[in-house]
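In this note's numbering, the protein residues as written are 277 to 369.
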């Protein structure tokens, strides 16, 4: 019969537990965030993919956020508004 290394088992369980905690924290953060801060994040979380998202992003509800200090403008996408728009503009055959 093979001898079980208790320390190795505890390390593996600890790694699995840590991975689960990281996933829970990621999901919690995702639910608490009201906007997507970039095209890449919005494309990933809507499930549209970057190519299709780039084609339709100008039609999606968005907010232009200006930074007066640096003079740059960023675009953020409100999650609820984008999901509503997608529901209204998606056709199933």
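The C-beta atom is built at its ideal place from N, Cα and C for all residues, glycine as well.
Member of 352, 367 and 368 whose CA lies at the smallest distance from the CA of residue 310: 352
Per DSSP, cross-strand counterpart(s) of residue 311: 354
Residue burial classification, residue 285 (beta-carbon count within 10 angstroms, cutoff 16): exposed
N- and C-terminal bounds of the alpha helix (DSSP H) containing residue 339: Premise fails: residue 339 lies in the beta strand (DSSP E), 339-343, not in any alpha helix (DSSP H).
Rounded C-alpha distance that separates residue 357 from residue 325: 18 angstroms
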